[in-house]
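Chemist: Sharing a structure with you now.
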Amino acid sequence: MALPPTLHSLRRQPLALLGLGLVLGLGLLAIAAPWLAPHDPLQVQLGPAHSPPGARFLLGTDAVGRDCLSRLLYGGRVSLPLGLLAVAVAAGLGTTLGALAGFFGGWVDKGITWFTDLFLALPRLVLLLAVLAVASQVHHGRFLLVALVLGLTGWMPVARIVRSQVLSVQARPWVLAARGLGLPPSRILLRHVLPWALPPVMVHASLLVGTTILAEAALSFLGLGVPQPTPTWGNMIAEGMRRLDSWWLTVFPGLAITAAVVGFNLLGDGLRDLLAQPRENRP
Amino acid sequence: MSPASTAPPLLALEGLTVAFPTPGGLAPAVVDMDLVVHPGEVLALVGESGCGKTATALAVMDLLPPQARVSGAVLWKGQPLMATRQRGRDLSMVFQEPATALNPVLSVQTQVAEPLAVHRGLRGRTARTEVLRLLTLAGLPSAEDLLRAYPHQLSGGQRQRVMLAMALACEPELLLADEPTTALDASVRAGILDTLEELGDRLGLAILLVSHDLGVVERIAHRVAVIYAGRIVELAPREALFSRPTHPYTKALLACRPDPYSDAAPADPIPGQPPDIGQRPPGCAFHPRCPRAQASCSAVVPTLQPQAGAPQHAVACPHTKGSQP
Amino acid sequence: MIRYSLRRLLTAIPLVWAVVTLCFLLLEAAPGDVSGTLIPQGASVEMRTAIMAKWQLEAPMGLRYLAALGNLCTGELGLSVVRERPVLDLILEALPATLALTACSLAMMVVLGLGIGSLQALRRGSWLDRGATLISVVLHAVPSFWLAMVLVLGFALWLPVLPASQAADPMAAYMPGWERLLDRLAHLVLPALALGAANAALIARHHRSALLEVMDQDFIRTARALGLGPWRVLTRHALRAALLPTVTLLGLALPFLFSGSVVVERVFAWPGMGTLIFEGIEQQDTPVVLGCFLVYGVLVVVGGLLADVATAALDPRIRLD
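Residue numbers (our numbering), protein chains in the order written: chain V, 79 to 361; chain A, 8 to 332; chain W, 244 to 564.
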């Protein structure tokens, strides 16, 4: 059984700390963007268009003269929260379904499992299709839409994890005792069973943020994400594709994405290693 | 009967020491061991778990893990042994757990034929015939149906014999057998031991047998070396050891064997535990558990000395000369 | 094994059907339809009515669904609304390019993944090992399309070694056979690398730990005790036992390869299924999209089946039933 790890115990895993540092660092940069950005990210100036990184525009400018550094910072305000929101949706949905399946068993379980397997079998392409189909005509609320769709296609592994955890916890003595005391099932599920399912979900969620950020980048790249002129890391790269030799348009947003995903992956791996240790070894 | 010991020794260990690095420093598993195996003889290394007998065998074959530190000399017919070149040819080994020692994804035929291909260049039908001959030699006659089987489809005894067949592929002169029967059912053990004995007689194969089971040793060994904490404490021909054990450890070992023919309860086990490899007591390693311990025992490491009147029988204890068994 | 394969393929049918249905529903859910592409600006009402009737664009959804399913069951998989050609023909034109890309990616994943993973296991703890782990952590975090663009920047623009786009030189038809083949291969390198790099990193990582685990096993010690050389021990004994997780991973990677190819094909203007599907979606050309998904579904199922069969072939302890 896995106890929830504390920040304190993360100390033992240097790579995880690095991941946490990366994530927090990028998050802080995004939050502080309005104060840190040297220029207005939306301001169009045709004069200095396509200028390489230099003194005035530290990371260069794009096709209409907008400062890339500012756009990069502001882009974090879209890409990061979108990933987190999507994972929240996925984790919430997955936990609910997995818990119901594991706890009630029988037809509930069979139905939910069939449903989960179906979604798992759909290639990611359907995801793209889903967003494109509904989103191509919709221009407002894209942020929420993309987050929702990404969440709705990422819940399956969470459901599986939660289901198997719930199944194994159900046989434990304290759950049987709670049942014997006649406590209502909802209370048993919420207070006695679910807390034990959460740590593996945390691990998976951390890794999921990474893949979600990548998926959002791909969608933005294809023109399906949050539309211009709002900068996201994905659509900045899409712009970069039109003029590949303005390499700064491509390279920097990609590095930002990579840093974010590496951060979340390291964090997730560290959490996983931590949970895999027997209790006695954890500080 | 033990063959004449006048032939030059096949294998000679001189001052062999094996140590493993531990957090507390280098811990010796085998200390300064001198040992000789003659052609065609069965020499048994006996001792409790952790006494260093397996490490000795692995050291001879150069199969120790890379962090082990080995010093001393291992000689084959008087020349330094190049284990990595001579493995499988002049000397080979069978291991304790046949279930894990065979490759699970290769068939019996493939595995037994492999040393034949590599060392003797046999392939195709000649190899197949030879594989059948080796399996028969190992006690699995008419083994055609077994050829295409996989290890998980065989019984423990069959697997052990397959391993034996592989080890015999190049007609080695020395076979090291590390607890060959320990993992097998009691009913199967006798068969394997008989096969080993036969191989010794028919092929003139020398066997270095490692075991903690005195019953096994008593059955097929010609000479016995008793090992405690990495050192030989007694070395004697079989009858001499079992009828006139001299070292206090040997005596205690024999005394606490349950006697299948008597109703008397077995004697008390030896008090205390064998030392961990990092924590050998000073002087004679056995002295904390020895009923005859004296002050000098903790100061001086006793050396293996032949006994007066019985030069074949050596003991590493200065307090047993002329004493009653 | 034949029976098992057939059974697997049979159970895949409801799955593929579900995928196709879901696709259809999503396409229907999108506002607008293919008429946006078909009907030119300023068309007269009669033309508009005629076009809508021809393609039954105003029919109730149920009917259209059945018609779509019916179309799929014909040999041609229906007719593309925009191009007025059988969907099957379009697919057959585009499929080879995608298959070539996917196959090349797979080959790269296997060779790089196994090679680097093995090296890492054999030189555990060395700088090579740690460096490779670092690189693979990063490769795993990199968006594939971005990697594609960086590769193009690096190897096609700055060091003009490899071509930046397309599957073949426009003059290819006029080249002698040998040169044509080389040209094709040159065009394959960057896209295959972009597509397969992340998965290669994953395979290297898993193969490393699988190989390390296997090297610790008793039967490796037996092989060494028999005097088999280290190369033989590695290739004939260790690798065979360690290949299992890689084969499983390859089977799981297949769907991702197919969907990842959509983005990579965009970057490289690769004339494959990804481009076909994307255009079909943009134009809301339902038959094309459904046909493509059918093919994708079948490919994924077949891929998974091949992976299972390969696993069983590698490990005789596994019984398929």
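Each residue gets a CB set at the ideal place from its N, CA and C atoms; glycine is no exception.
Note that the structure is predicted; figures quoted are calculated from it, not measured.
1) From L221(A) to Y247(W), what does the alpha carbon distance come to, in whole angstroms?
2) Going by C-alpha to C-alpha distance, which of F342(V), G170(V), I190(V) sits closest to S284(V)?
3) Is DSSP giving Y157(A) helix, strand or coil here?
4) I'd like the span of the alpha helix (DSSP H) that includes G386(V), first residue to last.
5) Any beta-carbon of chain W closer than 8 angstroms to the one on A295(V)?
6) Quick one: does L300(W) have its CB under 8 angstroms from some CB of chain V?
7) Would you grab the beta carbon distance between V38(A) and R238(A) for me? Rounded to a whole angstrom, and I think it's under 8 angstroms.
8) CA-CA distance, H430(W) and V385(W)?
9) If I follow the unbroken alpha helix (DSSP H) through W311(V), where does it start and stop?
10) Figure out for me which residue from D97(A), L183(A), I227(A) has the closest Cα to the Cα of E246(A).
11) Taking the alpha-carbon positions, what's the S250(A) to S369(W) distance?
12) Hey, could you find the ends of the beta strand (DSSP E) W83(A) is sitting in?
13) Counting C-beta neighbours from all protein chains within 10 Å, is the total for G321(W) 16 or more, i.e. buried, or is it exposed?
14) So which of V531(W), D372(W), P514(W), M352(W) has the shortest CA-CA distance to R427(W)?
15) Counting pairs of Cβ atoms below 8 angstroms between the region 191-200 of chain V and the region 123-140 of chain V, do you hit three or more?
16) Within a Cβ cutoff of 6 angstroms, which residues of the same chain sit near T254(W), ignoring the five residues on either side of it in sequence?
17) Starting from the C-beta of G229(V), find all residues in its chain whose C-beta is less than 6 angstroms away, skip the five residues before and the five after it, and write them out in chain order.
18) What is the DSSP secondary structure of H383(W), reduced to helix, strand or coil?
19) Just how far apart, CA to CA, sit L113(A) and Y157(A)?
20) Based on Cα-Cα distance, which residue from A407(W), I378(W), V325(W) lies nearest to E508(W)?
21) What do you reckon, are the CB atoms on I315(V) and W389(W) nearer than 8 angstroms?
22) Counting C-beta neighbours from all protein chains within 10 Å, is the total for P122(A) 16 or more, i.e. buried, or is it exposed?
23) What residues from chain A crowd round P559(W), counting only those whose CB sits closer than 7 angstroms?
24) Given that a residue counts as buried once 16 or more other Cβ atoms are within 10 Å of its Cβ, and exposed if not, what is S348(W)?
25) Please list, in chain order, the chain W residues whose beta carbon lies closer than 9 angstroms to that of N343(V).
26) Compare the C-beta of P87(A) against all C-beta atoms of chain W and say whether one is closer than 8 angstroms.
27) Under a CB-based cut-off of 8 angstroms, is F102(A) close to chain W?
28) So P46(A) is in the beta strand (DSSP E); what residue range does that whole segment cover?
29) For A341(A) and E137(A), I'd like the C-alpha separation in whole angstroms.
30) Any idea if P112(V) is buried or exposed, counting beta-carbon neighbours within 10 angstroms, 16 or more meaning buried?
31) Have a look at T189(A), E178(A), A232(A) and flag the residue whose alpha-carbon is nearest the alpha-carbon of G207(A).
32) Report the residue ranges of all beta strand (DSSP E) runs contained in full by the region 461-522 of chain W; include only those spanning at least 3 residues, in chain order.
33) Please classify I335(V) as buried or exposed, where buried requires at least 16 other C-beta atoms within 10 Å of its C-beta.
34) Restricting to Cα atoms, I'd like to know which of G172(V), G153(V), L96(V) is closest to P309(V).
35) Give a yes or no on whether 8 angstroms exceeds the smallest Cβ distance from E121(A) to chain W.
36) Measuring only the C-alpha atoms, how far is F330(V) from L150(V)?
Modeler: With the given structure in hand:
1) Start at 1 with the first residue of the second sequence, and residue 221(A) comes out as number 214. Start at 1 with the first residue of the third sequence, and residue 247(W) comes out as number 4. C-alpha separation (whole angstroms): 53 angstroms.
2) Residue numbering aside, residue 284(V) sits at position 206 when the first sequence is read from its first letter. Answer by Cα proximity: F342(V).
3) Against the second sequence, residue 157(A) aligns to sequence position 150. In the structure shown, the three-state DSSP call for Y157(A) is coil.
4) This structure does not reach residue 386(V), given that chain V is present from 79 up to 361, and the question cannot be answered.
5) What you label residue 295(V) is simply residue 217 of the first sequence in a count that begins at 1. At least one CB atom of chain W sits nearer than 8 angstroms to the CB of A295(V).
6) Here residue 300(W) corresponds to residue number 57 of the third sequence, with the count starting at 1. Output row for L300(W): interface = no.
7) Residue numbering aside, residue 38(A) sits at position 31 when the second sequence is read from its first letter. Residue numbering aside, residue 238(A) sits at position 231 when the second sequence is read from its first letter. Under the criterion of beta carbons closer than 8 angstroms, V38(A) and R238(A) qualify as touching, at roughly 5 angstroms.
8) If you number the third sequence from 1, residue 430(W) lands on position 187. If you number the third sequence from 1, residue 385(W) lands on position 142. Going by the C-alpha atoms only, they are around 22 angstroms apart.
9) In the first sequence, residue 311(V) corresponds to position 233, counting from 1. For W311(V), the enclosing alpha helix (DSSP H) begins and ends at 311-320.
10) Taking the first residue of the second sequence as 1, we reach residue 246(A) at position 239. If we check each option's Cα against that of E246(A), I227(A) comes out closest.
11) Here residue 250(A) refers to the residue found at position 243 when the second sequence is read from its first residue. Here residue 369(W) refers to the residue found at position 126 when the third sequence is read from its first residue. For S250(A) and S369(W), the distance between alpha carbons rounds to 56 angstroms.
12) What you label residue 83(A) is simply residue 76 of the second sequence in a count that begins at 1. Following the DSSP letters along the chain, one finds W83(A) inside the beta strand (DSSP E) bounded by residues 76-83.
13) As a working mapping, residue 321(W) is identified with position 78 in the third sequence. Around the C-beta of G321(W), 16 or more other C-beta atoms lie within 10 Å, and the residue is accordingly described as buried.
14) For the purposes of this step, residue 427(W) is taken as residue 184 along the third sequence, with counting starting at 1. Out of V531(W), D372(W), P514(W), M352(W), P514(W) has the C-alpha closest to the C-alpha of R427(W).
15) With the cut-off at 8 angstroms, the region 191-200 of chain V and the region 123-140 of chain V do not touch.
16) By 1-based counting over the third sequence, the position of residue 254(W) is 11. Excluding sequence neighbours, T254(W) sits near nothing in its chain.
17) Position 151 of the first sequence, counted from the start, is the residue given in the question as residue 229(V). Contacts found: A164, V167, A168.
18) Residue numbering aside, residue 383(W) sits at position 140 when the third sequence is read from its first letter. In the three-state reduction of the DSSP assignment, H383(W) falls in the helix class.
19) On the second sequence, position 106 is the one that residue 113(A) refers to. On the second sequence, position 150 is the one that residue 157(A) refers to. When rounded, the distance between both Cα atoms is 6 angstroms.
20) The residue labelled residue 508(W) in the question sits at position 265 within the third sequence. Among A407(W), I378(W), V325(W), the Cα nearest to that of E508(W) belongs to A407(W).
21) Translated into the one-based positions of the first sequence, residue 315(V) becomes position 237. Translated into the one-based positions of the third sequence, residue 389(W) becomes position 146. Annotated as proximal: I315(V) and W389(W), with beta-carbon spacing under 8 angstroms.
22) Numbered from its first residue, the second sequence carries residue 122(A) at position 115. Label assigned to P122(A): buried.
23) Looking up residue 559(W) in the third sequence gives position 316. Simply V112, Y157.
24) Numbered from 1 along the third sequence, position 105 holds the residue referred to as residue 348(W). When all chains shown are included, S348(W) counts as buried.
25) Against the first sequence, residue 343(V) aligns to sequence position 265. Close to N343(V), with beta-carbon spacing below 9 angstroms, are these residues of chain W in chain order: V380, H383, A384.
26) In the second sequence, counting from the first residue as 1, residue 87(A) sits at position 80. No Cβ of chain W is located within less than 8 angstroms of the beta carbon of P87(A).
27) Taking the first residue of the second sequence as 1, we reach residue 102(A) at position 95. Answer yes: the Cβ-Cβ gap between F102(A) and chain W drops below 8 angstroms somewhere.
28) Position 39 of the second sequence, counting from 1, holds the residue named residue 46(A). First-last for P46(A): undefined, no H or E at that position.
29) A question about residue 341(A) goes unanswered here, because the residues of chain A that appear run from 8 up to 332.
30) Position 34 of the first sequence holds residue 112(V). That one is exposed.
31) Residue numbering aside, residue 207(A) sits at position 200 when the second sequence is read from its first letter. Nearest C-alpha to G207(A): E178(A).
32) Counting only runs of 3 or more, we get nothing.
33) Numbered from 1 along the first sequence, position 257 holds the residue referred to as residue 335(V). With 16 or more other Cβ atoms from the protein chains shown falling within 10 Å of its own Cβ, I335(V) counts as buried.
34) Translated into the one-based positions of the first sequence, residue 309(V) becomes position 231. With distances taken between CA atoms, P309(V) lies nearest to G153(V) out of G172(V), G153(V), L96(V).
35) For the purposes of this step, residue 121(A) is taken as the residue at position 114 of the second sequence. Using a Cβ-Cβ cut-off of 8 angstroms, E121(A) counts as an interface residue toward chain W, since at least one Cβ of chain W sits closer than that to its own.
36) If you number the first sequence from 1, residue 330(V) lands on position 252. If you number the first sequence from 1, residue 150(V) lands on position 72. Their Cα atoms are separated by approximately 8 angstroms.
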